[in-house]
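See structure below.
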Amino acid sequence: MKLYNTLTKTVSDFVPREAGKVKMYTCGPTVYHYAHIGNLRTYMMEDVLERFLGYEGMQVERVMNITDVGHLTSDADTGEDKMLKGAKREKKTVMQVAEFYKEAFFEDCRRLNIAVPAKVVPATSCIDEFIRVISALIEKGYAYPAGGNIYFDTSRVKDYYALTSHTSDNLKVGVRDDVDEDSNKRNKSDFVLWFTKSKFDDQELKWDSPWGVGYPGWHIECSCISMMNLGEYLDIHCGGVDNIFPHHTNEIAQSEAYLGHPWCSLWFHVHHLNDESGKMSKSKGEFLTVDLLVKKGYDPLAYRYFCLESHYRKPLTFSYDALDNASKAYSRLIRRIASLEEPHEEPDPVFVQRYEDKFRKLVGNDLNTAAGMTLLYDILKEDASCASKYAAIDSLDRVLALSLTAKARALKKEDEGPAAAGADQESEEIEAAIALRAQAKKEKNYKEADRIRNELANRGIILTDTPSGTTWKRA
Ligand code: AMP
Ligand code: ZN
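Here's what the structure looks like:
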């Protein structure tokens with residue numbers, strides 16, 4: 051497949067170091083709060099990439115960290131530890147907060163059909179390894195102690211800014227609001243590998259180290275967890291675009307300094323999902339989570355459909371209108387598949403292969419999922435057996451993961467009457483939306499109540515208000 055590489059700034063053929071085997075690392079969530087749907091856009095596109103590489107016959111070994119220590123409110127090593135902030139907010143211990151939001155993240159992934167990487171490693175489980183690598187960096191002259199902390203000396207690296215469009219000028223204090231003066235640093239771009247002193251010394255989790263009791267910086271964890279589990283060479287490293295600088299820039303500097311050779315050949319970055327104000331936030335405005343979408347009556351996979359309709363290298367603006375459109379298109383697609391007869395004969399392998407080849411060509415062009423999705427509609431229009439159409443759709447859906455034929459079959463079952471379908475997950479979601487609508491009506495928020503009714507109608511759910519409550523059925 052062809053992929054854009056942030057390092058070379060070109061789209062070119064992706065060739066793993068070892069034929070047929072891909073080593074892939076994903077920067078995992080900082081588990082101090084729920085993931086917002088922007089974070090999940092990044093994980094979703096990484097998931098599609100992994101699925102597509104598998105579809106191409108490659109064996110993907112993928113590792114992800116869980117950041118449960120060291121990520122400060124500013125990526126430039128200043129501010130408070132995000133985990134500690136979360137613990138204070140919820141009056142819990144850092145580990146309780148980490149456990150809760152890690153599980154919430156996995157649940158979000160499940161609802162969005164994002165396959166969690168086979169290996170998930172919390173940073174707090176690797177402290178000895180961080181200390182070992184930091185010690186080696188000091189020994190090699192790449193790191194230095196100052197003011198109680200250990201810093202990485204970026205001036206020792208030849209091409210520190212290779213991954214990024216940032217320059218040393220951007221790092222002048224006042225140019226970026228996340229850059230504070232730290233007089234311990236020899237160079238403005240130096241970063242902390244190990245803290246024993248920070249402005250915030252009420253850190254809950256601390257470990258003994260040769261440099262005093264303290265905790266690791268954020269960047270070192272990804273380098274170490276990747277090298278520990280995937281070895282000295284990495285094929286693909288993923289994250290959102292905000293990770294390019296300083297996080298991934300620092301990862302390259304320290305990993306290559308430690309290894310003494312180039313480390314990762316391809317850097318895959320997903321552009322941001324923004325709300326209409328321009329930035330997704332966990333603290334201001336409406337906190338957009340999968341849970342919120344479900345409460346508002348959306349099928350989480352409608353959000354997946356919405357994301358796959360746009361290219362991962364373009365910023366995407368979220369609005370409920372845009373999600374409504376995607377949700378309608380997704381429901382219509384499921385309905386059209388549901389209108390196919392159940393397959394009774396064998397699919398035509400030539401037909402299926404033809405669509406697989408087209409799909410490989412389209413999605414293999416820098417993960418163009420939107421182009422790949424148009425094939426679903428082409429398949430439905432074809433003069434072919436239902437069995438062949440089902441088989442071709444199932445094949446493409448191994449990468450898209452929109453649960454297309456499963457949803458279509460569930461819909462057929464529901465058309466036989468809601469009772470036949472039982473209290474499955476979708477019914478629960480519908481009931482939750484009805485409860486939210488009842489609440490909105492109680493609060494005289496008729497606009498929201500109507501919006502929920504319309505949203506459900508778009509999904510083919512008809513509500514009837516009765517004196518004893520609201521009932522629903524399929525249109
Ligand atoms: P965090 O939990 O803050 O470490 O972020 C988790 C992942 O989400 C990282 O890969 C970020 O680069 C990515 N990310 C952060 N904000 C957004 C956004 N608005 N849209 C897409 N991805 C994002
Ligand atoms: Zn990382």
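For the sequence shown, the working numbering begins at 51 and goes up steadily by one. Every residue gets a Cβ at the ideal spot worked out from N, C-alpha and C, and that includes glycine.
Contact test: residue i Cβ vs ligand 1 heavy atom, cutoff 8 angstroms
i: H269; result: no
i: K504; result: According to the sequence displayed, residue 504 carries Asn and not Lys. Answer for N504: no, Cβ out of range of ligand 1.
i: G277; result: For the sequence presented, residue 277 should be read as Met rather than Gly. Outside the cutoff, so no.
i: P79; result: yes
i: L122; result: no
i: V65; result: no
i: R91; result: yes
i: T117; result: yes
i: V323; result: The question names Val, but residue 323 is Leu in the sequence shown. Result yes, Cβ under 8 angstroms from ligand 1.
i: G289; result: yes
i: A85; result: yes
i: K329; result: yes
i: N293; result: yes
i: G88; result: yes
i: V320; result: yes
Which residues DSSP lists as bridging residue i, in chain order
i: I270; result: For I270, which the question treats as bridged, DSSP gives no partner whatsoever.
i: T291; result: Sequence inspection shows Val at residue 291; the Thr mentioned does not correspond to that position. DSSP lists no partner for V291.
i: S62; result: L53
i: F202; result: A193 and F241
i: C314; result: L284
i: H528; result: What is shown of the chain runs 51 to 525, which leaves residue 528 out entirely.
i: T521; result: T514
i: M133; result: Answer is none; M133 lacks a bridge partner.
i: W257; result: G264
i: L122; result: D131
i: P167; result: Paired residues: none, contrary to the question.
i: I116; result: P172
i: L373; result: DSSP lists no partner for L373.
i: Y75; result: V113 and H287
i: E68; result: K71
Outcome for residue i when other beta-carbon atoms lying within 10 angstroms are tallied against a minimum of 16
i: Q146; result: exposed
i: R112; result: buried
i: S438; result: buried
i: T419; result: buried
i: Q109; result: exposed
i: H322; result: buried
i: Y353; result: buried
i: F64; result: buried
i: G347; result: buried
i: H319; result: buried
i: E397; result: Checking the displayed sequence, the identity of residue 397 turns out to be Pro instead of Glu. Answer is buried; the Cβ neighbour count reaches 16.
i: I87; result: buried
i: E505; result: buried
i: V223; result: Here V223 scores only 46 on pLDDT, less than 50, and its place in the model should not be relied on; the value that follows carries that caveat. Exposed, because fewer than 16 other Cβ atoms sit within 10 Å of the Cβ of V223.
i: D178; result: exposed
i: H311; result: exposed
i: E301; result: buried
i: M423; result: buried
i: T204; result: buried
i: D407; result: exposed
i: T253; result: Here residue 253 turns out to be Gln, not Thr, going by the sequence shown. Buried.
i: N495; result: exposed
i: N293; result: buried
i: D97; result: buried
Proximity to residue i [Cα-Cα], best of the options
i: G267; options: Y362, A434 and K132; result: K132
i: Y210; options: E306, D258, V263 and T246; result: E306
i: H83; options: K346, L338, A483 and N508; result: L338
i: I200; options: T217, I181 and H216; result: I181
i: P393; options: A458, A165 and L343; result: A458
i: L90; options: A434, M51, L162 and M74; result: L162
i: S435; options: I387, G510 and L122; result: I387
i: E476; options: E336, R524 and L366; result: R524
i: S37; options: Y283, L373, E466 and L243; result: The question about residue 37 has no answer here: the residues shown for the chain are numbered 51 through 525.
i: L343; options: K492, L486, H121 and A193; result: L486
i: W313; options: Y427, H287, L513 and T217; result: H287
i: C159; options: G414, M95 and A482; result: M95
i: K152; options: A165, A168, L134 and P172; result: P172
i: N115; options: Y283, G422 and P167; result: P167
i: G70; options: T80, A490, L103 and D341; result: L103
i: I275; options: A212, E157, V170 and P365; result: V170
i: G290; options: M51, T56 and D407; result: T56
i: W317; options: Y283, T174, R404 and V119; result: Y283
i: H6; options: Y93, E140, C77 and G107; result: One cannot answer for residue 6 here, as it falls past the ends of the chain, which runs 51 to 525.
Which residues are close to ligand 2, meaning CB closer than 5 angstroms to any heavy atom, in chain order? Output, sorted by chain position: C77 and C272.
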